[in-house]
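Position one of the sequence shown corresponds to residue 1 (the UniProt record's numbering), numbered consecutively onward.
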Amino acid sequence: MTKDIEEDSSKKRRKIDTAETNGKQTDSVKNDVETDNKTYPLTIYHKVSAFEHNEALRRDSQKDLKIYRETCSEFALLITEIADLKFKKPDGWEDQVVKKKIDAALLTIILKKLNRIEKIRNKTSRNNVTKVRQQVDVLHLQLQNLSSEIQKLQQEVDKCLQFKSKPLGIDLVPIDEFYKNAPESISRKEITQTDEHQLQLARLEWELHQRKELSLLYNQLVERKTSISKLIERKINDLDSLSPHIKEVLNVTKPLQERLGVQTYRFSTTSDIASYLPHALYFLYVQVIAYSEACDKNIIVDIVGDKEKAKLMKTIDVNAEKDSSSEGSENGDVGKSQKREMKELKRKKLLAKHPLSVNLKMNLKDGTSLTLEFFYLMKLKIVTVLPNVVLHTKVKSSAASSLLQNNNILMNLFSGDVGIESPNVANHYQLREVGLDNFDQRKVGIPYLWAQKMGGLNFGTFGDSVGVEPVQKIAKFNLPVIMKEISRRIKSRVALVKQILDLENGTILGPTEMRSVKLSCTLKNWETCTWNDFKHHPATSHLSSSEHISQYDIFFKSVITREQAILTMFVSVKSNYPIAPPIFCFQLEWNDRVWNSSNNADLSNMEKEVNFYWRELLTETNWAQSLLMFQVHRAMVCLDITLECMYPDEFRSEKKTFFHPSRGRNRGRPYKYEAIGEGVFVQR
């Protein structure tokens, strides 16, 4: 191996020597060195360095690695052999050691050369990397400079694009109208017809001229308005000064009126305030007063609010507000915060109520009172109402209090009138314009359709009229019917509250003819239920999409138990109770099994018995005050009969007589009660 390397190196030296003798020089090796414009001959060190440099660049690094490994292994072998010779000391071992030392020295020379070549190669690679890195840095710096130049140019372009070279927010008159109305001194047709820039300047000048004239006219109209307002104020003061004199005249003439049998005129401050009501509330106020005097003395009506503010509003010109709002919209660009403030201000103006409202209070014989406060929304032009029911005793039960909430106490007073949307079609677009889908009914009231009719506004059943003016005949025709319906609703709702309170206390009463029937099951719980809970429960799946159930109903959930059997009962009470009876759904749990009307015929028949045959419970004159209680009693009786028929060994009948546990093609249970003797239950 050593001989091959020596031969290879000798061949390379011979090639270089022959190249030098032929007068040919490599690119990197020169015979002379120029220093300070003087030529000196190259030393042997420089020549050897140049040769090794060129050789390092030409040689294959993988072959050098292979040579290095082989040389190292040979060197290690020689050292081992030398150590063995010195240890064993055979004949002639000293000569062999000297020879092997020479061979090891030659291998060391080869390793040193490989080391120098590798260092030259590493140095060359680092220099190349440094050179390329410098080029990359230069290019990166150029890229950053170009990017900054692009940004600066883009900023300049944006400034040019944002330059307001045109009069923004000004609607100029058309060109034809400009040439027709503008004087010759401004229009200058010979110049403006050929130069668009001069035409634009002339139109702006004409716009300025017109605005100056309109400003003068505006000032004149304001002065005239001020003088007329002062005249009106003076006449109002004169009329107010007549009020004490009129009162004195009326007081003096009271004896004469009584002697002649003439009804005494009631002069009150409320009558004075009524003149400042909007027409819709005025018609409502007058008709309610007439109705209370003629039909129901327990109805009290009053006007509440700021009288002075109402007076001021009646004298304000509506067009002035429109001018100010349009004038404000012509201002320049505003910030986001200002836009939000302007939008909020528009919302407040749109939902603004009249300073005066009509307060109607209806008192029932049991001490319950209903207060209706009617408002008029000036921009939306509709009447809203806020109801409030006060019982003679406080209701602590959450289930019963849900029946007296302001948002559902008068809902569906007439079919389809839920009060969610405004009956005025235009209100939908007015609300959308200010970013509202609907208004807060807790603040501005509920826009029931019957409230509009009480104010003389007839929007139609589906709100097919937009610009509706109040008519007194409409209020006069509809008010008696509405008042009777409100009275009926409050009475039935109070009766329903009493039934809920009894159910929560566990008091269950059936019809008079079924008082002898003893209940074996117990009502454990009665609570309110949400629409989502009712709709998604398995027991109500067959009714969740039915037209008989609506999200505007009032929902309850109760639990009835008998030993280990548990009946969960869901009840839907319509707003117009008792015209529409409550609807019941059942789910029975027994022995780790769950049944409802979808998988058990007995529960389906129980629901049919309670929901369809409720008219059989109307045996008393005051049935409206106990219908829900009677239906719950019927449901509990049906549960007892079902359990006693299905599992007679576990559930024994107590004072319930029936002849056949099941009968007929459908194997029906004896749910129907016949008042024969002590009472018998038979199949239908």
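The C-beta atom is built at its ideal place from N, Cα and C for all residues, glycine as well.
Note that the structure is a prediction, hence the values are computed from the model and not measured.
Using DSSP with H/G/I as helix, E/B as strand and the rest coil, what is residue i?
{"i": "Lys24", "result": "With a pLDDT of only 40 at Lys24, under the threshold of 50, the placement of this residue in the model should not be trusted, and no figure is reported."}
{"i": "Ile170", "result": "coil"}
{"i": "Arg13", "result": "With a pLDDT of 42 at Arg13, under the threshold of 50, the predicted position of this residue should be treated as unreliable, though the coordinate-derived value follows. Looking at Arg13 - three-state DSSP - the assignment turns out to be helix."}
{"i": "Tyr429", "result": "helix"}
{"i": "Ala182", "result": "coil"}
{"i": "Ala565", "result": "strand"}
{"i": "Thr192", "result": "helix"}
{"i": "Lys656", "result": "coil"}
{"i": "Met362", "result": "strand"}
{"i": "Glu678", "result": "coil"}
{"i": "Thr371", "result": "strand"}
{"i": "Tyr577", "result": "coil"}
{"i": "Tyr282", "result": "helix"}
{"i": "Ser626", "result": "coil"}
{"i": "Thr461", "result": "Note on Thr461: pLDDT 49, under 50, position unreliable in the model; no value is reported."}
{"i": "Ile560", "result": "strand"}
{"i": "Leu356", "result": "strand"}
{"i": "Tyr265", "result": "Here the model assigns Tyr265 a pLDDT of 48, short of 50, so the residue's position is not dependable, and the following value carries that caveat. Coil, per DSSP."}
{"i": "Tyr376", "result": "strand"}
{"i": "Thr540", "result": "helix"}
{"i": "Trp526", "result": "strand"}
Rounded to the nearest angstrom, how far is the Cβ of residue i from that of residue j, given a contact under 8 angstroms?
{"i": "Tyr108", "j": "Leu57", "result": "Per the sequence shown, the amino acid found at residue 108 is Thr instead of Tyr. No, Thr108 and Leu57 are not in contact; Cβ-Cβ is about 24 angstroms, not under 8 angstroms."}
{"i": "Asn388", "j": "Asn407", "result": "Actually they are not in contact, since the Cβ atoms of Asn388 and Asn407 sit about 11 angstroms apart, beyond 8 angstroms."}
{"i": "Ser575", "j": "Met411", "result": "5 angstroms"}
{"i": "Val637", "j": "Val444", "result": "So it is not a contact: roughly 48 angstroms between Cβ atoms."}
{"i": "Asp592", "j": "Thr642", "result": "No, Asp592 and Thr642 are not in contact; Cβ-Cβ is about 18 angstroms, not under 8 angstroms."}
{"i": "Ile303", "j": "Val358", "result": "6 angstroms"}
{"i": "Pro423", "j": "Gln452", "result": "6 angstroms"}
{"i": "Asn525", "j": "Ser492", "result": "Not really, about 25 angstroms apart at Cβ, beyond 8 angstroms."}
{"i": "Glu74", "j": "Lys100", "result": "Actually they do not touch by this definition, with Cβ atoms about 11 angstroms apart."}
In the DSSP assignment, the alpha helix (DSSP H) including residue i goes from what residue to what residue?
{"i": "Leu413", "result": "Looking at the DSSP string, Leu413 is not in any alpha helix (DSSP H), and its letter there is neither H nor E."}
{"i": "Ala83", "result": "61 to 88"}
{"i": "Lys535", "result": "531 to 536"}
{"i": "Pro387", "result": "That residue, Pro387, is in no alpha helix (DSSP H); its beta strand (DSSP E) goes 382 to 390."}
{"i": "Val132", "result": "93 to 162"}
{"i": "Trp595", "result": "Not the alpha helix (DSSP H): Trp595 falls in the beta strand (DSSP E), residues 593 to 596."}
{"i": "His53", "result": "44 to 58"}
{"i": "Ile486", "result": "472 to 504"}
{"i": "Met454", "result": "449 to 454"}
{"i": "Val444", "result": "441 to 444"}
What are the boundary residues of the beta strand (DSSP E) that includes residue i?
{"i": "Glu674", "result": "672 to 674"}
{"i": "Gln587", "result": "583 to 590"}
{"i": "Val610", "result": "No beta strand (DSSP E) contains Val610, which is instead part of the alpha helix (DSSP H) from 601 to 612."}
{"i": "Ile300", "result": "299 to 305"}
Tell me which residues share the same chain as residue i and place their Cβ nearer than 8 angstroms to its Cβ, disregarding the 5 neighbours each side in the sequence.
{"i": "Leu216", "result": "none"}
{"i": "Leu617", "result": "Pro511, Trp623, Leu627, Phe630, Gln631, Arg634"}
{"i": "Gly506", "result": "Thr522, Leu523"}
{"i": "Ile79", "result": "Ala104"}
Between the Cα of residue i and those of the options, spot the shortest distance and give me the residue it belongs to.
{"i": "Met362", "options": "Phe612, Ile490, Phe163, Asp437", "result": "Ile490"}
{"i": "Trp614", "options": "Pro582, Asn596, Ser597, Val594", "result": "Pro582"}
{"i": "Phe586", "options": "Tyr577, Met514, Leu639", "result": "Leu639"}
{"i": "Lys379", "options": "His392, His428, Gly419, Asp417", "result": "His428"}
{"i": "Thr393", "options": "Lys164, Val385, Ser662, Leu404", "result": "Leu404"}
{"i": "Thr470", "options": "Leu457, Lys86, Phe477", "result": "Note that residue 470 corresponds to Pro in the displayed sequence, not to Thr. For Pro470, the nearest C-alpha among the options comes from Leu457."}
{"i": "Phe178", "options": "His209, Ile474, Asn591, Glu149", "result": "His209"}
{"i": "Val385", "options": "Lys484, Ile420, Val98", "result": "Ile420"}
{"i": "Ala294", "options": "Asp602, Met483, Val468", "result": "Met483"}
{"i": "Asp64", "options": "Lys230, Glu118, Phe87", "result": "Glu118"}
{"i": "Gly435", "options": "Leu519, Lys453, Arg347, Leu449", "result": "Arg347"}
{"i": "Glu513", "options": "Leu391, Glu678, Met646", "result": "Glu678"}
{"i": "Ser415", "options": "Ala274, Glu433, Glu485", "result": "Glu485"}
{"i": "Glu55", "options": "Asn115, Val98, Leu85, Asp238", "result": "Asn115"}
{"i": "Glu609", "options": "Tyr673, Ile150, Leu143, Leu239", "result": "Tyr673"}
{"i": "Trp450", "options": "Ala475, Arg442, Val249", "result": "Ala475"}
Going by beta carbon distance, what residues of the same chain come within less than 6 angstroms of residue i, once the five residues before and after it are set aside?
{"i": "Ile299", "result": "Ser292, Met362"}
{"i": "Trp531", "result": "Gln551"}
{"i": "Met606", "result": "Phe586, Cys638"}
Please work out which residues of its chain come closer than 7 angstroms, Cβ to Cβ, to residue i, disregarding the five sequence neighbours upstream and downstream, and give them in chain order.
{"i": "Gly328", "result": "Here the model assigns Gly328 a pLDDT of 45, short of 50, so the residue's position is not dependable, and the following value carries that caveat. Around Gly328: no qualifying Cβ."}
{"i": "Ile549", "result": "Leu543, Ser572, Ile583"}
{"i": "Arg59", "result": "Ile117"}
{"i": "Lys113", "result": "none"}
{"i": "Lys311", "result": "Tyr276"}
{"i": "Gln535", "result": "Note that residue 535 is Lys in the sequence shown here, rather than Gln. Hits under 7 angstroms: Ser544."}
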